[in-house]
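In what follows, a structure is listed as structure tokens, so that the remarks can point back to it.
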Amino acid sequence: LTINFDTKNNEYATDFKVEIFDENDNTIYELNKSNNTKPIYLITAQLEGYRRIKLTINKWCKPFRRAKVVEIDFGVLQEYHDEKIRTIDIIEEISIANENIPSSESTIVLDNQDRAFNVLNRDGLNRFLQERQQVKIEIGVETSPDIFEFVPVGVFYLRDWQIDEGSMSTTLTSRDIIDVIATEDYEGNISTNLYDLAEDIFIKCNVEKYNIDTNLKTIPTNGFPKKIKVRQALQHIAVASKAA
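In our numbering, the protein residues as written are 18 to 261.
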């Protein structure tokens with residue numbers, strides 16, 4: 018369980034209490050935390066059969082301020098900045114001839130001197146890693162002294178991770194949504210235009226954010242009569258519309 022206080026202003030509850038109840042309102046977990054110094058607080062206990070969560074804030078880090086809880090995530094939410102990130106590399110490709118539909122890739126190298134990602138660390142983060150976890154990358158632009166505006170670079174999904182004991186680092190490799198949906202099957206008989214066909218693919222793959230050129234509405238199509246892989250379907254649409 019991850020409690021996200023006010024990360025934008027770096028404010029948090031210093032003293033708080035978390036109570037978790039089952040469907041019969043019996044307490045299955047209780048935490049009394051004091052002297053907290055982080056805007057994101059992680060509870061790594063195995064919570065099963067929970068029905069209700071109660072968060073009581075007893076003290077805030079700054080006086081006369083409104084206490085704020087941005088969100089409570091059922092999982093692990095981690096935020097890394099300059100002191101933890103060693104390098105970030107992003108590869109963005111495009112196939113002008115539509116030989117394939119490439120996906121962007123990000124590689125993040127994190128400092129692992131605290132051995133947070135080590136397999137033998139029973140309290141570490143390695144046990145929470147799994148494929149397709151979301152990775153959001155932002156670059157901070159300093160608009161004035163010590164004032165940063167964070168600009169989104171992209172949303173990726175974890176594909177592979179590696180712990181390097183020698184350099185005490187962890188490498189996370191992620192790819193964008195195209196890689197996630199590429200191997201899924203598409204079945205649809207959209208016989209109107211290429212725009213509707215592309216949109217139907219994204220909707221059935223649960224892709225929420227996309228941008229399709231409206232010129233594709235002027236190109237008719239008979240759709241796909243048989244089952245086809247999503248990446249292949251998008252490639253056919255790109256070829257038919259003479260788009261890249």
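Every residue, glycine too, gets a C-beta built ideally from N, C-alpha and C.
The structure displayed is predicted, hence computed values, not measured ones.
Own chain, CB closer than 7 Å to residue i, minus 5 neighbours either side, in chain order
| i | result |
| --- | --- |
| I254 | L211, L214 and A215 |
| E40 | R68 |
| K55 | Y29 |
| Y227 | F219 |
| K79 | E28 |
Residue from the options with nearest C-alpha to residue i
| i | options | result |
| --- | --- | --- |
| C222 | Y29, T187, Y46 and I195 | I195 |
| S191 | T231, E109 and D230 | E109 |
| D42 | G66, L59 and T238 | G66 |
| D263 | D230, T44, Y46 and R83 | Past the edges of the chain, shown from 18 to 261, lies residue 263, and the structure says nothing about it. |
| F169 | G205, T238, E155 and L59 | In the sequence on display, residue 169 carries Pro and not Phe. When each option's Cα is compared against that of P169, the closest is E155. |
| I45 | T209, F81, N53 and I70 | I70 |
| F38 | S120, L59, D99 and L64 | L64 |
| N135 | D193, E182, V197 and D217 | E182 |
| T209 | T238, I229 and P242 | T238 |
| Q252 | E204, D106, W178 and E116 | E116 |
| Q150 | E204, T200, M185 and G92 | G92 |
Sub-8 Å separation of residue i and residue j beta-carbons
| i | j | result |
| --- | --- | --- |
| N138 | I180 | no |
| S112 | A250 | no |
| K85 | E28 | yes |
| G240 | I207 | yes |
| T19 | D90 | yes |
| K76 | D32 | yes |
| L175 | L146 | yes |
| L94 | N26 | no |
| R248 | I118 | yes |
| K244 | D202 | yes |
| S121 | I105 | no |
Classification of residue i by the beta-carbon crowding that lies within 10 angstroms, buried from 16 upward
| i | result |
| --- | --- |
| Y97 | exposed |
| T235 | exposed |
| I164 | exposed |
| A62 | exposed |
| E114 | Before going further, note that residue 114 is Ala rather than Glu in the sequence given. Exposed. |
| T187 | buried |
| D193 | buried |
| V256 | exposed |
| V197 | buried |
Own chain partners of residue i with C-beta closer than 6 Å, once the 5 adjacent residues on each side are dropped
| i | result |
| --- | --- |
| V35 | L48 and L72 |
| G157 | F165 and F167 |
| I60 | L18 |
| N143 | F134 and V136 |
Contact set for residue i: own chain, Cβ-Cβ below 8 Å, skip 5 residues either direction
| i | result |
| --- | --- |
| V152 | S123, I125, V172, F173, Y174, L175, L189 and S191 |
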